[in-house]
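Residue numbers (the working numbering): 22 to 769. Note that beta-carbon positions come from the ideal geometry of N, C-alpha and C, so glycine has one too. What you are looking at is a predicted structure, and each value in this text was computed from that prediction instead of being measured. Read the structure below first, then the notes.
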Amino acid sequence: MRDRQSLGSWAGCLMWAVLLGAWLVAGCGPGPGVEEPALGRVRSPLGGRSSAARLALGQYHSVGVHSDGTVWAWGFNRQGQLGDGTLVDSPTPVRVTNLSGVVSVASGDYHSLGLSSDGTVWAWGDNTAGQLGNGTASASPVPVRVQNLSGVVSLGSGFSHGLALRSDGTVWAWGDNRYNQLGNVGATRSNLPVQVPGLSGVIAVVAGGYYSLALRSDGTVWAWGDNRYGQLGDGTTTQRAVPVQVLNLSGVMNLSAGSFHTVALRSDGSVWAWGFNAYGQLGDGTTTSRFQPVQVGLSDVLTLVAGNYHSLAVRSDGAVWAWGDNRYRQLGDGTTTSSRVPVQSGLSGGVTLVAGYKHSLVLRSDGTVWSWGDNVFGQLGDGTFNPRSSAVKVSWLSLGRADVSSGQLHSVVLDSNGAVWAWGDNYSGQLGNGTGLDSLVAAPVGLGGSVAVSAGFKHTLVLKADTTVWAWGVNEHGQLGDGTLTDRTRPVQVAGLSGVSAVSAGSYHSLALRSNGTVWAWGFNRYGQLGDGTNTDRLQPVQVAGLSGVVAVAAGDSHSLALRSDGTVWAWGYNFDGQIGDGSYSWRFLPVQVVGLSGVVSVSAGGYHSLALRSDGTVWTWGYNGSGQLGDGSTAINKPAPVQVAGLSGVVSLGSGNYHSLGLRSDGTVWAWGFNFDGQLGDGSLLNRSTPVRVSGLSGVVSVVAGDYHSLARRSDGTVWAWGYNGEGQLGDGTRNDTLVPVWVLGI
């Protein structure tokens with residue numbers, strides 16, 4: 022961290038050229054009346070496979086995979102499809118037993134599938150057609166392994182059949198085969214996986230009711246199985262036992278199948294659909310079934326999904342659109358009127374969509390899950406059995422997002438495949454690639470199977486799907502937790518720690534939240550930031566004393582925060598600037614409650630200040646305010662108790678740097694306030710701001726993070742953008758030039 026007296030340097034700001042060659046900003050921001058430039062539609066060069074599916078819907082049940090690799094389910098359970106070992110319905114999420122390290126899920130009518138980070142597939146629920154793939158026809162209320170299948174990277178599930186894509190590009194299927202949905206198999210079912218013939222180079226698979234589809238790396242779509250309504254898209258209604266190509270369709274990057282219709286997203290943001298259309302689920306303004314693709318009147322789409330008889334899409338602004346059957350309120354527009362064309366659902370901030378038989382779910386950018394539609398079996402997960410025509414939050418469940426992080430002079434990203442990438446300063450090995458060489462563009466760390474990242478001053482933490490924690494970089498105070506004081510240029514495992522659900526790295530100390538609600542800490546402890554009642558550094562994790570029921574943690578420079586399940590915030594450590602928030606300036610070696618604050622859903626710790634997001638979308642801050650980083654419009658240096666950030670609402674996520682703060686709103690825009698000497702506020706100026714200003718030209722954002730003197734944002738299209746100080750290449754744009762507006766991180 023740069024100290025307060027030497028807050029960095031800059032070498033000219035008044036002429037900034039070329040954001041992806043599309044526009045030029047002259048001066049330090051647009052003049053009066055000048056429209057802000059919009060960021061272009063750029064896809065991740067990593068491209069390829071679809072992002073892991075973290076939500077799935079059966080006919081009357083729902084399944085979600087948490088960022089810690091555990092799986093949760095709710096709704097109808099008469100066949101054991103909730104996987105909790107019972108046959109009891111549940112209107113709130115219950116944990117699937119004996120299952121961890123899961124990266125994606127899929128669901129059929131009455132069964133569920135989970136893909137483990139080791140490439141194995143697990144299944145539970147109904148098995149009358151062999152859809153559990155374990156060689157039997159016996160139902161199971163707990164997960165059983167799908168046999169003879171490994172190296173799987175993607176799943177799909179129809180009514181009663183399963184699909185798996187292996188890393189070699191081959192496709193495997195099992196379960197019901199009455200319509201040849203498994204391919205050219207003689208029997209009407211198979212209770213073990215069989216290879217689908219005639220397919221290679223596949224990058225994604227999806228399953229309709231009684232048919233199957235595969236997306237190849239060349240952007241073409243292939244289909245087989247039931248075709249009574251033209252859902253194979255080959256211009257006929259002929260059932261197919263081997264894959265046929267969908268006609269007049271290329272450049273596809275996303276694909277989803279309902280009961281008898283399919284929707285596809287092309288790389289230009291256009292949507293295409295074909296198959297059954299009695300309820301307008303094709304979105305072309307008619308109820309005429311289509312035997313080959315027709316275009317839906319919706320542009321600039323980022324993701325989409327097909328339900329049984331309805332369809333959903335998220336546009337680049339984060340708004341959710343829906344069309345088709347609405348008899349059970351599954352469009353979420355507040356009515357029960359079906360629509361032949363897309364209508365806006367009223368929910369924003371969407372990231373991931375899933376659509377079921379009579380209900381729909383959205384994963385929002387803050388990790389919360391929202392649902393609407395039929396609820397007779399509690400499948401909406403809001404604790405009731407009441408149908409909903411507009412979105413309600415799934416009770417207490419947060420699937421978590423922690424995919425971008427930043428240290429002082431380096432940045433780290435976790436991609437959708439669980440791989441870690443880093444760039445910037447590497448003098449002390451903080452990029453984790455063993456070289457010690459700086460990198461101006463994203464470079465792989467070589468650590469897969471990861472679910473969360475957090476970067477400290479000059480060290481990095483990664484949570485893996487197996488719930489272990491790994492670390493690398495500077496270790497002078499034991500912040501790597503491996504029992505030594507040796508710096509590491511490659512990842513090492515934190516000693517004696519498992520069952521972890523979240524991590525956070527401070528300047529010289531580290532925090533881990535275990536799934537049992539306890540907090541563990543290690544590293545520098547001069548100011549009591551480890552919370553164990555001492556000021557002794559710890560080379561391995563110790564438990565934070567007297568703290569339970571915790572759901573989130575955040576580490577600042579020398580203080581720590583914890584959010585409990587009752588919405589209260591607790592803090593400990595350095596408090597010279599009031600960052601503990603208990604109304605005093607006394608250091609705390611044990612956790613104390615932040616005063617006057619309740620209903621909190623998220624916390625973030627800056628260098629010397631703290632932030633909390635309440636459930637009503639307002640932001641509250643306390644601590645050091647020398648640069649306006651508390652955002653309340655005042656110039657008071659310190660605030661030892663929470664104050665509200667002025668003029669900011671609808672916030673879903675927070676970020677905090679050394680002396681600046683970020684807020685992500687539900688509309689996908691990013692707002693910033695505080696210190697701006699290096700352009701870390703991204704508003705095109707170098708002026709400090711004591712109230713929030715919008716980051717220029719940035720929309721469709723799903724997560725934000727603040728480094729010491731730079732900022733990062735991930736958009737819903739998977740791209741990462743950065744702005745601010747770039748002396749060590751931490752912006753990842755291939756240069757060392759500071760920038761006052763967002764630039765694209767190359768290679769991500």
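Asked: Report the rounded CA-to-CA distance for phenylalanine 312 versus glutamine 80, giving the unit in angstroms.; Found: 26 Å
Asked: Could you work out which residue in Leu461, Tyr448, Ala492 and Thr488 is closest to glycine 467 when comparing CA atoms only?; Found: Ala492
Asked: Please give the ranges of any beta strand (DSSP E) in the region 475-542, keeping only runs that are unbroken, at least 3 residues long and fully inside the region.; Found: 480-485, 490-494, 509-514, 521-526 and 530-535
Asked: Along the beta strand (DSSP E) that carries arginine 736, what are the first and last residues, could you check?; Found: 731-736
Asked: Residues in the same chain with beta-carbon distance under 6 Å from alanine 423, minus the five sequence neighbours each way, listed in chain order, please.; Found: Reliability of the predicted coordinates at alanine 423 is poor, the pLDDT of 35 falling under 50, and the value obtained from them is presented with this limitation in mind. Closer than 6 Å at Cβ, skipping near neighbours: Ala473.
Asked: Roughly how many whole angstroms lie between the Cα atoms of threonine 740 and tryptophan 765?; Found: 7 Å
Asked: Taking a contact to mean a Cβ-Cβ separation below 8 Å, would you say leucine 618 touches tryptophan 591 in this structure?; Found: no
Asked: Pick from Val265, Val167 and Gly229: whose alpha carbon is nearest that of asparagine 205?; Found: Val265
Asked: Which residue marks the beginning of the beta strand (DSSP E) containing histidine 282, and which one marks its end?; Found: 282-287
Asked: Can you check whether the CB of serine 161 is closer than 8 Å to the CB of tryptophan 143?; Found: no
Asked: Closest by CA to asparagine 407, which one among Trp193, Trp444 and Arg350?; Found: Arg350
Asked: In terms of alpha-carbon separation, which member of Gly345, Asp346, Trp391 and Gly290 lies closest to glycine 367?; Found: Trp391
Asked: Exposed or buried, threonine 324, counting other C-beta atoms within 10 Å across all chains shown (16 or more means buried)?; Found: buried
Asked: Who does histidine 681 pair with in a DSSP beta bridge?; Found: Gly695
Asked: Would you call the CB atoms of aspartate 653 and alanine 633 closer than 8 Å?; Found: no
Asked: On a Cα-Cα basis, can you pick out the residue from Gly577, Val672 and Thr589 that is closest to glycine 628?; Found: Gly577
Asked: What do you reckon, are the CB atoms on threonine 258 and alanine 327 nearer than 8 Å?; Found: no
Asked: In the DSSP assignment, find the unbroken beta strand (DSSP E) run with proline 408 in it and report its ends.; Found: Segment: none, proline 408 is in no beta strand (DSSP E) and carries neither H nor E.
Asked: Could you tell me if alanine 657 is buried or exposed, where buried requires 16 or more neighbouring beta carbons within 10 angstroms of its beta carbon?; Found: exposed
Asked: Using 10 angstroms around the beta-carbon of valine 109, count the other beta-carbons present and answer buried if the total reaches 16, otherwise exposed.; Found: exposed
Asked: To the nearest angstrom, how far is the alpha carbon of tryptophan 742 from that of alanine 340?; Found: 20 Å
Asked: Are the CB atoms of arginine 686 and tryptophan 692 nearer to each other than 8 Å?; Found: yes
Asked: Taking only runs that begin and end inside the region 72-155, name each unbroken beta strand (DSSP E) of 3 or more residues, in chain order.; Found: 76-78, 82-86, 92-96, 111-116, 123-128, 132-137 and 142-146
Asked: Quick one: Cα of alanine 542 to Cα of glycine 728, how far?; Found: 21 Å
Asked: Along the chain, where does the beta strand (DSSP E) that runs through tryptophan 593 open and close?; Found: 590-594
Asked: Less than 8 Å between the CB atoms is what I'm expecting for arginine 237 and threonine 307, so what's the real figure, rounded?; Found: With 8 Å as the limit, arginine 237 and threonine 307 do not qualify as a contact, their Cβ atoms being about 29 Å apart.
Asked: Taking its Cβ as the centre, do 16 or more other Cβ atoms sit within 10 Å of threonine 488, making it buried, or is it exposed?; Found: buried
Asked: What does a CB cutoff of less than 6 Å around valine 784 pick up in its chain, not counting 5 residues either side in sequence?; Found: Any property of residue 784 remains undetermined from this structure, which presents the chain solely from 22 to 769.
Asked: Using the beta-carbon count (16 or more within 10 Å), is asparagine 269 buried or exposed?; Found: exposed
Asked: Within 10 angstroms of its Cβ, does alanine 228 collect 16 or more other Cβ (buried), or is it exposed?; Found: buried
Asked: In the region 627-684, which residue ranges form an unbroken beta strand (DSSP E) of at least 3 residues, counting only runs that do not cross its ends?; Found: 630-635, 640-645, 659-665 and 672-677
Asked: Taking the C-alpha atoms as reference points, what is the distance between glycine 588 and leucine 534?; Found: 16 Å
Asked: So, glycine 151 versus arginine 199, is the Cβ gap smaller than 8 Å?; Found: no
Asked: Comparing alpha-carbon positions, which option in Trp245, Leu153, Val84 and Ala278 lies nearest leucine 213?; Found: Leu153
Asked: Where does proline 218 sit, in a helix, a strand or coil, going by DSSP?; Found: coil
Asked: Helix, strand or coil for threonine 308, going by three-state DSSP, please let me know.; Found: coil
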